[in-house]
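Residue numbers (this note's numbering): 19 to 279. Just so you know, even glycine gets a beta-carbon here, dropped at the ideal spot from N, CA and C. Keep in mind that this is a model prediction, so the values were computed, not measured.
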């Protein structure tokens, strides 16, 4: 890591619906803007529900070297793991039993990849939504592999409250049309900002950019929060600035608003 004192601010970006376009790709204008804000003293970080192992191409294109991945459950910086918060086997088994009773598939995210307990239409839809490969089936993989995040594959927002009541040790975020992100109750994207600041001993301003329910803690933890024009209403309500949609130069317009470029 280069001299952190060379930066006046840290900026944390969600990916899907925020930094990426409708095809889950980076527009050239966005890549250029990220390189520009770094030159202007703003150090960029990814803050995503995706696994860190899914970010290589994005980090290579943008030059970003730090990521709060798996909604804060796994944080990497300069190729090293600086924080992780595994979900206990006890809590996984409790949730897995409930998911089976509800006829909903469960996806498991480890340090090297992800897998599911079975394939359902919602599994296919969820990974098509982020343009990622369909997971392999391994229903008991969590017994031998460390798991840092889970996904419940469903389109029912009401299931968030159901699972919260049944497994209060875990967080549940309906973050996509056909999936619910699951983390430990004490961990989220916002705690990820705190961990990064502690590791870097950074005392300057922090900025956050997002669109989904799993970005609520992210914007709350940052000094300045931006919601995209396509963001959920709850996020827009707490944002300091609401930009245009991610498909309508939302990130670039936000950079201009904050005088990053």
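Pair within 7 Å by beta-carbon distance, residue i and residue j
{"i": "residue 279", "j": "residue 78", "result": "no"}
{"i": "residue 229", "j": "residue 257", "result": "no"}
{"i": "residue 226", "j": "residue 30", "result": "yes"}
{"i": "residue 101", "j": "residue 110", "result": "no"}
{"i": "residue 85", "j": "residue 64", "result": "yes"}
{"i": "residue 193", "j": "residue 67", "result": "yes"}
{"i": "residue 241", "j": "residue 264", "result": "no"}
{"i": "residue 127", "j": "residue 166", "result": "yes"}
{"i": "residue 173", "j": "residue 196", "result": "yes"}
{"i": "residue 191", "j": "residue 231", "result": "yes"}
Boundaries of the alpha helix (DSSP H) in which residue i is found, first to last residue
{"i": "residue 246", "result": "Note, residue 246: premise wrong, no alpha helix (DSSP H); not H, not E."}
{"i": "residue 209", "result": "207-218"}
{"i": "residue 185", "result": "No alpha helix (DSSP H) contains residue 185, which DSSP labels as neither H nor E."}
From the options, residue whose alpha carbon lies closest to that of residue i
{"i": "residue 87", "options": "136, 73 and 41", "result": "73"}
{"i": "residue 204", "options": "37, 103 and 83", "result": "103"}
{"i": "residue 22", "options": "45, 32 and 56", "result": "56"}
{"i": "residue 40", "options": "200, 97, 147 and 133", "result": "147"}
{"i": "residue 97", "options": "106, 108, 82 and 91", "result": "82"}
{"i": "residue 239", "options": "266, 262, 206 and 268", "result": "206"}
{"i": "residue 115", "options": "210, 235 and 181", "result": "181"}
{"i": "residue 276", "options": "244, 266, 262 and 254", "result": "244"}
{"i": "residue 120", "options": "170, 164 and 209", "result": "170"}
Span of the beta strand (DSSP E), counted from its first residue to its last, around residue i
{"i": "residue 140", "result": "First-last for residue 140: 139-147, but that is the alpha helix (DSSP H), not the beta strand (DSSP E)."}
{"i": "residue 98", "result": "98-102"}
{"i": "residue 124", "result": "123-127"}
{"i": "residue 228", "result": "223-228"}
{"i": "residue 132", "result": "132-134"}
The region 209-223 touching the region 152-159, judged by at least three CB pairs closer than 8 Å:
no
As an exercise, report each continuous beta strand (DSSP E) stretch of at least 3 residues that is fully enclosed by the region 26-102, in chain order.
27-31, 60-65, 84-87, 92-95 and 98-102
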